[in-house]
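Beneath this line is the structure, given in structure tokens, with notes to follow.
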Amino acid sequence: NAGVTQTPKFRVLKTGQSMTLLCAQDMNHEYMYWYRQDPGMGLRLIHYSVGEGTTAKGEVPDGYNVSRLKKQNFLLGLESAAPSQTSVYFCASRRTGGLNTEAFFGQGTRLTVV
Amino acid sequence: AQSVTQLGSHVSVSEGALVLLRCNYSSSVPPYLFWYVQYPNQGLQLLLKYTSAATLVKGINGFEAEFKKSETSFHLTKPSAHMSDAAEYFCAVSEKDTGRRALTFGSGTRLQVQP
Chain A
315 NAGVTQTPKF RVLKTGQSMT LLCAQDMNHE YMYWYRQDPG MGLRLIHYSV
365 GEGTTAKGEV PDGYNVSRLK KQNFLLGLES AAPSQTSVYF CASRRTGGLN
415 TEAFFGQGTR LTVV
Chain B
11 AQSVTQLGSH VSVSEGALVL LRCNYSSSVP PYLFWYVQYP NQGLQLLLKY
61 TSAATLVKGI NGFEAEFKKS ETSFHLTKPS AHMSDAAEYF CAVSEKDTGR
111 RALTFGSGTR LQVQP
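Protein chains in written order, with the working numbering: chain A, 315 to 428; chain B, 11 to 125.
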């Protein structure tokens with residue numbers, strides 16, 4: 315029972331480079347989310363998906379794109395990385411049902427942009 | 011929109027002392043509230059959640075939280091701190107009026123446990 319798996323766990327990018335973060339969940343959850351975590355700011359929602367083939371913007375979407383071609387995968391892309399995107403990125407998934415359902419998180423990806 | 015505020019970005023206690031981490035929510039309707047814990051270099055793990063069935067909620071690792079509507083609070087407590095409790099703790103609220111059903115997080119409280 316893997317839950318939510320993120321790859322890679324660590325990455326260093328140069329300014330202007332691109333990369334894709336992969337999130338995979340094996341719980342058949344409809345909802346998936348990408349958050350970024352910065353010191354003193356908690357987790358902020360970047361993009362989210364309410365089902366296969368659908369994506370939408372969260373609070374801090376600029377500089378990121380996402381895709382959800384398969385229900386179990388949610389990809390986060392950085393087309394041209396900037397130092398301001400240095401952060402820890404977390405993917406989460408949540409099943410349909412009541413608002414008290416738990417969100418499950420991956421282990422995180424620590425990204426440094428130099 | 012629902013939001014949560016965590017008072018105190020850092021809390022330090024001695025081993026064996028009471029742990030109290032504060033969370034206040036802003037919501038015009040009863041909220042769905044959560045506490046998550048993040049150990050160093052790990053993801054977030056659910057400690058407990060409030061679902062309106064009971065105001066005192068018991069979670070894992072001896073933690074509990076009490077929902078107080080009159081104070082709009084959901085503070086996290088543990089009677090006796092262990093060294094292994096050192097971590098960052100996040101209070102979160104489930105969005106109600108949006109289709110995305112996302113969790114909105116507080117800024118976090120880092121708990122340090124002194125020997």
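Each residue gets a CB set at the ideal place from its N, CA and C atoms; glycine is no exception.
Just so you know, these numbers come straight off a predicted model, no measurement behind them.
Give the DSSP-derived three-state secondary structure of Gly72/B in the structure shown.
As a working note, residue 72/B is residue 62 in the second sequence. In the structure shown, Gly72/B sits in a helix (DSSP, three-state: H, G or I).
At a Cβ cut of 8 Å, what residues of the region 394 to 408 of chain A count as close to chain B, listed as they run along the chain?
Cβ contacts with chain B: Phe404, Ala406, Arg408.
Residues of chain A with a CB under 9 Å from the CB of Lys106/B: which are they?
As a working mapping, residue 106/B is identified with position 96 in the second sequence. Neighbours of Lys106/B on chain A, chain order: Leu413.
So with CB distances below 7 Å, who are the chain B contacts of Phe419/A?
The sequence position of residue 419/A within the first sequence is 105, counting from 1. Neighbours of Phe419/A on chain B, chain order: Gly53, Leu54.
Using a cut-off of 7 Å between C-beta atoms, extract the partners of Val364/A located in chain B.
Residue mapping note: residue 364/A aligns to position 50 of the first sequence, counting from 1. Those are Gly109, Arg110, listed as they occur along chain B.
Along chain B, in chain order, which residues have C-beta atoms closer than 7 Å to that of Gly422/A?
Residue 422/A sits at position 108 when you count from the first residue of the first sequence. Within chain B, the residues near Gly422/A are Gly53.
Under the three-state DSSP convention, the category Met93/B falls into:
Looking up residue 93/B in the second sequence gives position 83. Met93/B falls in the helix class under three-state DSSP.
Below 8 Å between beta carbons is the criterion; list the residues of the region 367 to 398 of chain A that meet it against any residue of chain B, in chain order.
Against chain B - using a Cβ distance shorter than 8 Å - the residues of the region 367 to 398 of chain A are Ala370, Gly372.
On the three-state DSSP scale, how would you describe Gln421/A?
By one-based count along the first sequence, residue 421/A stands at place 107. The answer is coil: DSSP assigns Gln421/A none of H, G, I, E or B.
Return the CA-CA distance between Ser62/B and Ser394/A, expressed in angstroms with no decimal places.
In the second sequence, residue 62/B corresponds to position 52, counting from 1. In the first sequence, residue 394/A corresponds to position 80, counting from 1. Spanning the alpha carbons of Ser62/B and Ser394/A requires a straight line of approximately 45 Å.
Is there at least one Cβ from chain B nearer than 8 Å to Leu359/A's Cβ?
On the first sequence, position 45 is the one that residue 359/A refers to. Output row for Leu359/A: interface = yes.
Determine, using beta carbons only, whether Gly356/A comes closer than 8 Å to chain B.
Mapped onto the first sequence, residue 356/A falls at position 42. Yes, because at least one Cβ of chain B sits closer than 8 Å to the Cβ of Gly356/A.
Measure the alpha-carbon distance for Lys88/B versus Lys328/A and round it to whole angstroms.
The residue given as residue 88/B occupies position 78 in the second sequence. The residue given as residue 328/A occupies position 14 in the first sequence. Roughly 44 Å between the two C-alpha positions.
C-beta neighbour in chain A for Gly116/B, strict 8 Å
As a first step, residue 116/B is located in the second sequence; it is residue number 106 there, counting from the start. True, the Cβ-Cβ gap to chain A drops below 8 Å.
Where the beta strand (DSSP E) through Gly317/A begins and ends:
Indexing the first sequence from 1 puts residue 317/A at position 3. Bounds of any beta strand (DSSP E) do not take in Gly317/A, whose DSSP letter is neither H nor E.
Smallest Cα separation from Val364/A: which of Thr119/B, His85/B, Thr108/B?
Residue mapping note: residue 364/A aligns to position 50 of the first sequence, counting from 1. For Val364/A, the nearest C-alpha among the options comes from Thr108/B.
For the region 62 to 78 of chain B, enumerate the residues whose C-beta is nearer than 7 Å to any C-beta of chain A, in chain order.
Listed by position along the chain: nothing, the set is empty.
8 Å Cβ cutoff met for Val402/A and Gln351/A
Residue 402/A sits at position 88 when you count from the first residue of the first sequence. Residue 351/A sits at position 37 when you count from the first residue of the first sequence. Closer than 8 Å, so yes.
C-beta neighbour in chain A for Leu28/B, strict 8 Å
Counting from one through the second sequence, the residue named residue 28/B turns up at place 18. No - not a single Cβ of chain A is within 8 Å of the one on Leu28/B.
Where do the N-terminal and C-terminal ends of the beta strand (DSSP E) with Arg409/A fall, by residue?
Counting from one through the first sequence, the residue named residue 409/A turns up at place 95. Taken as a continuous stretch (DSSP letters only), Arg409/A belongs to no beta strand (DSSP E), as it is neither H nor E.
If you draw a straight line from the C-alpha of Pro125/B to the C-alpha of His85/B, how long is it?
For this step, residue 125/B is matched to residue 115 along the second sequence. For this step, residue 85/B is matched to residue 75 along the second sequence. In this structure, the CA atom of Pro125/B is about 24 Å from the CA atom of His85/B.
Whole-angstrom C-beta distance between Gln12/B and Ser37/B, which should lie under 8 Å:
Mapped onto the second sequence, residue 37/B falls at position 27. Mapped onto the second sequence, residue 12/B falls at position 2. The distance from the Cβ of Ser37/B to that of Gln12/B is about 5 Å, consistent with a contact at the 8 Å cut-off.
Nearest-angstrom Cβ-Cβ length linking Arg111/B and Ser117/B, presumed shorter than 8 Å:
Within the second sequence, numbered from 1, the residue matching residue 111/B stands at position 101. Within the second sequence, numbered from 1, the residue matching residue 117/B stands at position 107. That belief does not hold up - the Cβ atoms of Arg111/B and Ser117/B are roughly 22 Å apart, past 8 Å.
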